[in-house]
Ligand SMILES: *Cc1c(COP(=O)(O)O)cnc(C)c1O
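In my numbering, the protein residues as written are 27 to 503.
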């Protein structure tokens, strides 16, 4: 068995899945569970048989996250070029290190990505990791390092001791920030939830007040975190005001742009990103709006030396020769790791994710990515317009980006949350449309998030019609 026949064996099944839409695996759950939940074989079945099983049992019973009508999480099916790049990298450069073409693209693509996101790529240097969770952890690790160093402490070497600390983030902030605080030894409870306004954006005045309170009480502020696109509603915090307040207090300014940092490419809203240039760190997930395969995020930090101090493993004998050799005239690709990315984060072994990001950006170019972002934002706008125009739909959160929160609402419904929850389950059980739900100011909302390039306006209209039809029938029944 060689690569070409193995990949060819499953390629048409993948085409079929993405072009025709995944059918729901739960209907056939007993069959694939019985086929797959087997004892570990003593003798292998051989390559052909496994590929047959992948094609016939796995792919058609995969998840529906690749469907252009799946709008629940911030995911979509990766494009064919990105999948090919992933396959190529897994064989041709299974690690991001050593001097080779894939390794070069790690840095090239980080620079492109920083530029694309409106970051100053000459100043903001990056490192890839597996997702926004780790990317936030790495960024806040840099913030922790810098904040403690101001007090003469190296937290990576010595630990954080009992110093009281705080991280400031809006109430709408993704909980990976809290988990990062936990992992970094700061504790989830150090995250101060800053109240938001009626557009789910952090109130800068509340931030300033919280900082002043803490500083007066001797608490060490570690970071101010702003959202460039919350996961709930796509809200963009007032970055310029928030970043300015952070810097007035000499506090690290971090932007969580896992989902929405690329929104800066939509020129209708790019002014909302003013203040990005103040960021000490920022993250973006290519596996979200760039539709890279899951497992790719980037952290950018104003000085990678801070990351190095925060995440160094210290020299180890098994890495001696490849991590040394700076200034040495190298003669083979294996004599050097190249840029020591493993010292900038929490992963040593890691694939060359940059080559995948490069393949996407090279294929689409800046204008191709911008077109996709605009189109997705248009879908969200369309949901908002249709909701506002319809007598029995209510817009709960106008879209800042490609997320809209709305619900069914008619007089005579006593329990709107219960009604919309029941409507939601009927929607995902009886129709092909798969938004998620969230809460907006306490109210249960239907929440489509558009990032799948295959989604069309007809899909969007279909969902709205389905919501109205189900709501009407529930109201009548
Ligand atoms: C998705 C998301 C995260 C977490 O990213 P993962 O890649 O799922 O780990 C963090 N912050 C925001 C704003 C997100 O949308």
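Cβ coordinates follow ideal geometry from the N, Cα and C atoms, glycine included.
Could you pull out every residue in the same chain whose Cβ sits closer than 6 angstroms to the Cβ of residue i, ignoring the five residues on either side in sequence?
i	result
residue 219	197
residue 211	186
residue 124	359 and 360
residue 371	153, 155, 164 and 337
residue 506	An answer regarding residue 506 cannot be provided, because it is not within the stretch 27 to 503 covered by the chain.
residue 387	138
residue 458	95
residue 462	98 and 473
residue 151	330
residue 256	198
residue 216	191, 192, 193 and 207
residue 333	168, 327 and 370
residue 454	460
residue 144	290, 299 and 302
residue 320	313
residue 43	85
Opposite residue i in the DSSP bridges: which residues?
i	result
residue 280	251 and 307
residue 431	423
residue 72	Partner(s): none; residue 72 has no beta bridge.
residue 154	324
residue 228	222
residue 134	Its beta-bridge partners do not exist; DSSP assigns none.
residue 246	191
residue 186	BP columns for residue 186 are empty, so no partner.
residue 375	In the DSSP output, where bridge partners are listed per residue, residue 375 has none listed.
residue 196	220
residue 262	254
Measure from the C-beta of residue i to each C-beta in chain D and report whether the shortest distance is under 9 angstroms.
i	result
residue 185	Looking for chain D here will not work: only one protein chain is present.
Nearest CA to the CA of residue i: which residue from the options?
i	options	result
residue 194	298, 213, 374 and 52	213
residue 399	501, 295, 389 and 363	295
residue 199	162, 176 and 362	162
residue 104	67, 322 and 160	322
residue 254	298, 441, 356 and 472	298
residue 30	274, 228 and 113	113
residue 146	159, 292, 501 and 308	308
residue 415	397, 435 and 396	435
residue 492	451, 466, 158 and 110	451
residue 127	481, 378 and 283	378
residue 293	393, 488 and 42	393
residue 340	106, 357, 494 and 366	366
residue 245	279, 225, 273 and 188	188
residue 183	310, 274, 335 and 65	335
residue 109	33, 391 and 442	33
residue 280	465, 469 and 250	250
residue 202	470, 487 and 160	160
residue 374	44, 77 and 121	121
residue 258	274, 264, 265 and 227	227
residue 47	62, 357, 381 and 102	102
With a threshold of 7 angstroms on Cβ separation, who are the neighbours of residue i within its own chain once the five nearest residues in sequence on each side are excluded?
i	result
residue 27	73
residue 476	97, 402, 405, 406 and 428
residue 79	none
residue 40	85
residue 70	none
residue 240	192 and 247
Under 8 angstroms Cβ to Cβ from residue i, same chain only, skipping five residues before and after it: list those, please.
i	result
residue 276	176
* To do: For the segment 110-121 and the segment 136-147, state whether three or more C-beta atom pairs, one from each stretch, are separated by less than 8 angstroms.
  => Taking 8 angstroms as the limit for Cβ pairs, the verdict is that the segment 136-147 does not touch the segment 110-121.
* Counting pairs of Cβ atoms below 8 angstroms between the segment 166-186 and the segment 416-427, do you hit three or more? -> Judged by Cβ distances under 8 angstroms, the segment 166-186 makes no contact with the segment 416-427, as fewer than three pairs qualify.
* Would you call the segment 121-135 and the segment 397-410 touching, i.e. three or more CB-CB distances under 8 angstroms? -> Touching, no.
* Asked: Do three or more CB pairs link the segment 309-321 to the segment 279-296 at distances below 8 angstroms?
  -> With a cut-off of 8 angstroms, the segment 279-296 and the segment 309-321 count as touching, because enough Cβ pairs lie within range.
* Asked: Counting pairs of Cβ atoms below 8 angstroms between the segment 219-238 and the segment 170-184, do you hit three or more?
  -> Too few Cβ pairs lie closer than 8 angstroms, so no.
* Stretch-stretch touch, CB-based, cutoff 8 angstroms, three pairs: the segment 85-100 with the segment 326-344 -> Of all C-beta pairs linking the segment 85-100 to the segment 326-344, fewer than three are shorter than 8 angstroms, placing the two stretches out of contact.
* Asked: Which ranges does the alpha helix (DSSP H) cover as unbroken runs of at least 4 residues, wholly within the segment 326-372, from first to last along the chain?
  -> Taking only runs of at least 4 residues, the alpha helix (DSSP H) segments lying wholly in the segment 326-372 are 330-337 and 346-349.
* Is there contact between the segment 265-283 and the segment 300-308, where contact requires at least three CB pairs shorter than 8 angstroms? -> Yes: the two stretches touch, three or more of their Cβ pairs being nearer than 8 angstroms.
* Asked: Are there three or more Cβ pairs, one per stretch, closer than 8 angstroms when the segment 80-90 is compared with the segment 50-67?
  -> By the Cβ criterion, the segment 80-90 is in contact with the segment 50-67, since at least three pairs of Cβ atoms, one from each stretch, lie closer than 8 angstroms.
* Where are the beta strand (DSSP E) runs, 3 residues long or more, that stay fully inside the segment 433-501, in chain order? -> For the segment 433-501, whole beta strand (DSSP E) runs of length 3 or above, ordered along the chain, are 460-466 and 469-473.
* Segments assigned beta strand (DSSP E), at least 3 residues, entirely inside the segment 52-130 -> At a cut-off of 3 residues, not a single continuous stretch assigned as beta strand (DSSP E) sits fully inside the segment 52-130.
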